[in-house]
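See below for the structure under consideration.
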Amino acid sequence: WDPSPNAPAKRFATVSFDAPFEDPDTLERFADVSDCASLEWENVPVTLTDGLEKLIRVRPGSRSLGLAQDRTKEKGFLTDHHIPITNYAVINDPSELGAVRLELPWIVKTATLGYDG
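All the letters of the sequence shown, read from the start, carry residue numbers 35 to 151 under this note's numbering.
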């Protein structure tokens, strides 16, 4: 299921759906022909996985997906669970850059969306 008829996995699928992720009719049709679902990438709307989880098994689940979609939440989760990560700083405005006290070089990323390549 992908809004694009040219999504890479569709050429291997027995059944596929060309519809927006927010389409509730497609959600029902998708669940009817699926025992489970896995996500190919993290920019699927969490509302989609929330809805699907009521009908079929989804991995990763919407909680994990929500963390993966927001690097700030993800870093906070890892820190809260004592999982070692590299030092980081959250910048909400470019004017805050001068206050960052991390060694160079830096990698600057958006908290949401973007592509790591």
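The C-beta atom is built at its ideal place from N, Cα and C for all residues, glycine as well.
In this text the structure is predicted, and so the values were computed from the model without any measurement.
A distance below 8 Å separates the beta carbons of residue 99 and residue 83.
If you look at residue 97, you'll find it in the alpha helix (DSSP H) that goes 96–102. By the neighbour-count criterion, in which 16 or more other beta carbons inside 10 Å mark a residue as buried, residue 78 falls on the buried side. Under the DSSP assignment, residue 92 falls in the beta strand (DSSP E) whose first and last residues are 91–93.
Closest by C-alpha distance to residue 87, out of 71, 102, 44 and 144, is 71.
A straight-line Cα-Cα distance of about 38 Å links residue 126 and residue 64.
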